[in-house]
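Here's the structure, in structure tokens; my notes come after.
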Amino acid sequence: MLSKSNIFFCPKCGIENHQFYGKVCKNCFLKDFKLFDIPKILKAKICPVCGSYFKSGKWILYKNLKDIIFSIVEDSLEIYKNAKDIKINLIPETGDTVSQQELCYQIEGLKLETSTFMVTIQVDAQVRDIRIKEEAKTTVRIKSETCDTCSRISGGYYEGIVQIRAENRYPSQEEREKCIDLAYKVIEHNQDTDRYAFITDIKKLKEGTDIYVGSINIGRKLCRAIIENFSGKFTESPKLYGRKNGKDLYRISFSVRLPEFVQGDIIAVKNKVIEVKKLSKPQIKGIDLNTWKQDILTSKQKIQKLCNRKDAVKTVLICVEKDIIQILDPDTYKPVILKKPILLNIKSGSDINIVKTSKGIFVLPS
Numbered sequence: 042m043l044s045k046s047n048i049f050f051c052p053k054c055g056i057e058n059h060q061f062y063g064k065v066c067k068n069c070f071l072k073d074f075k076l077f078d079i080p081k082i083l084k085a086k087i088c089p090v091c092g093s094y095f096k097s098g099k100w101i102l103y104k105n106l107k108d109i110i111f112s113i114v115e116d117s118l119e120i121y122k123n124a125k126d127i128k129i130n131l132i133p134e135t136g137d138t139v140s141q142q143e144l145c146y147q148i149e150g151l152k153l154e155t156s157t158f159m160v161t162i163q164v165d166a167q168v169r170d171i172r173i174k175e176e177a178k179t180t181v182r183i184k185s186e187t188c189d190t191c192s193r194i195s196g197g198y199y200e201g202i203v204q205i206r207a208e209n210r211y212p213s214q215e216e217r218e219k220c221i222d223l224a225y226k227v228i229e230h231n232q233d234t235d236r237y238a239f240i241t242d243i244k245k246l247k248e249g250t251d252i253y254v255g256s257i258n259i260g261r262k263l264c265r266a267i268i269e270n271f272s273g274k275f276t277e278s279p280k281l282y283g284r285k286n287g288k289d290l291y292r293i294s295f296s297v298r299l300p301e302f303v304q305g306d307i308i309a310v311k312n313k314v315i316e317v318k319k320l321s322k323p324q325i326k327g328i329d330l331n332t333w334k335q336d337i338l339t340s341k342q343k344i345q346k347l348c349n350r351k352d353a354v355k356t357v358l359i360c361v362e363k364d365i366i367q368i369l370d371p372d373t374y375k376p377v378i379l380k381k382p383i384l385l386n387i388k389s390g391s392d393i394n395i396v397k398t399s400k401g402i403f404v405l406p407s
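First residue of the sequence shown? That's 42 in this note's numbering, and the numbers climb one at a time after it.
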């Protein structure tokens with residue numbers, strides 16, 4: 042039996058208790074306790090073009106409207122600081138503007154002026170030895186506002202022009218398409234970290250392709266990606282176009298020069314005829330068509346382009362001897378004797394591809 046000295050009373054309700062939370066009993070503690078606070082109304086701005094959400098003074102790219110709404114609510118939640126093992130459940134309820142189905146879809150293209158969404162917040166947490174669950178509702182009001190990036194795109198803004206050209210020739214259609222494809226890949230890869238990772242315009246010219254990009258950094262990355270794929274080189278030419286907050290603003294023209302030769306070109310270097318296989322600055326790797334052995338040249342050597350593998354024609358290998366072969370000329374239908382490439386290992390009667398050049402006729406390795 043407890044002595045009178047061990048009997049305690051809650052100063053708020055006056056009921057006898059042996060366990061207190063702060064200075065009050067459990068019932069009084071729970072009666073006045075708030076596990077979390079959330080404003081009744083939350084406001085946010087979303088770009089209807091790209092789906093970016095304006096947060097902490099900057100635009101952050103999101104794609105899903107539901108994710109944005111949940112982010113707004115979670116950022117505004119104030120949970121009791123000593124709560125542990127916290128579990129949060131957010132349940133969206135549609136307002137009168139957007140349906141539940143639209144809420145789960147991508148935000149791009151959603152034409153909203155002001156949209157209202159109700160969200161139920163359920164929080165479950167441990168406070169001392171009590172498991173507490175609370176629920177509340179909030180209203181999220183979203184206003185449509187074009188972000189700075191989309192405003193710049195629509196206004197034709199750019200900081201760099203990547204001008205793609207080739208040495209002593211025009212870039213091929215395949216090269217042009219590949220460069221444009223690389224540009225979009227560079228943009229996609231950098232969109233999360235660079236708000237100005239966008240393409241403003243692409244101009245297709247006789248002499249090459251000009252790609253207008255939103256930032257100088259993206260221009261450099263695109264140039265490096267092109268050089269990595271095709272070899273070649275690039276230079277930068279800055280031009281002052283204005284001032285902002287006391288700082289000079291520059292636009293940069295990036296001049297990308299693709300190599301004079303491409304894979305498949307048949308070239309002459311001194312007494313050798315080479316089929317180009319790979320370009321890696323400053324080297325040209327290829328196959329010597331006299332021997333079929335691999336060879337390495339430098340772009341500094343005097344080189345003459347003869348033709349390309351695409352110009353090859355099919356004919357018949359009539360016979361193979363120790364040092365010579367005999368083929369059928371596809372134009373005259375007369376036999377022609379050629380020096381046998383050392384590594385040639387093809388049987389008589391087989392179909393082969395040849396190129397006719399100013400340096401002679403050559404059999405191409407398959």
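C-beta: ideal position from N, C-alpha, C; glycine also.
When C-beta atoms of the segment 317-336 are compared with those of the segment 275-282, fewer than three pairs fall below 8 Å, so the two segments do not count as touching. Considering only 131, 189 and 268, the residue with the shortest C-alpha distance to residue 239 is 189. As DSSP reads the structure, residue 321 sits in a beta bridge with 324. Comparing C-alpha distances from residue 65 to each of 365, 171, 52 and 76 shows the shortest one belongs to 52. The C-beta distance from residue 381 to residue 366 rounds to 5 Å, short enough to meet the 8 Å contact threshold. Between residue 372 and residue 357, the alpha-carbon positions lie close to 12 Å from each other. Scanning 286, 50, 290 and 82 for the CA closest to the CA of residue 182 turns up 82. Under the three-state reduction of DSSP output, residue 214 falls in the helix class.
Scanning 73, 112, 76 and 68 for the CA closest to the CA of residue 85 turns up 112.
DSSP places residue 88 in the coil class of the three-state scheme, outside both helix and strand.
With contacts defined as CB atoms closer than 8 Å, residue 271 and residue 202 fail to qualify as a contacting pair. With 16 or more neighbouring CB atoms inside 10 Å of its own CB, residue 403 falls in the buried class. DSSP lists no bridge partner for residue 103. A distance of 8 Å or more separates the beta carbons of residue 120 and residue 109. Within the segment 224-309, the runs of alpha helix (DSSP H) at least 4 residues long that lie entirely inside it are, in chain order, 257-271.
Excluding residues up to 5 positions away in sequence, 70 lie with their Cβ nearer than 6 Å to the Cβ of residue 62 in the same chain. Residue burial is scored here from C-beta neighbours: residue 256 has at least 16 other C-beta atoms within 10 angstroms and is therefore classed as buried. With a 10 Å radius around the Cβ and a threshold of 16 neighbouring Cβ atoms, residue 49 comes out exposed. Note on the segment 337-379: whole beta strand (DSSP E) runs with a minimum of 3 residues are 345-349, 354-361 and 365-369, in chain order. By the CB criterion at 8 Å, residue 311 and residue 292 fall outside the cutoff. Inclusion of residue 178 and residue 164 in the CB contact set at 8 Å is not warranted, their separation being larger than that value. Taking one beta carbon from each stretch, the segment 248-264 and the segment 192-208 have 3 or more pairs nearer than 8 Å; the two touch. Around the beta carbon of residue 384, a 10 Å sphere encloses fewer than 16 other beta carbons of the protein chains shown; the residue is thus reported as exposed. Residue pairing by DSSP places residue 157 opposite 182 in a beta bridge. Straight-line measurement puts the Cα of residue 327 at about 9 Å from the Cα of residue 304. In the three-state DSSP reduction, residue 49 falls in the strand class (E or B). The C-beta of residue 156 has 16 or more other C-beta atoms within 10 Å across all chains shown, which makes the residue buried. With a 10 Å radius around the Cβ and a threshold of 16 neighbouring Cβ atoms, residue 282 comes out exposed. Per the C-alpha coordinates, the member of 90, 207, 191 and 289 positioned closest to residue 241 is 191. Within the same chain, Cβ atoms closer than 7 Å to the Cβ of residue 400 are found at 309, 314 and 347, the five residues on either side in sequence being excluded. Between the C-alpha atoms of residue 329 and residue 338 there is a straight-line separation of about 11 Å.
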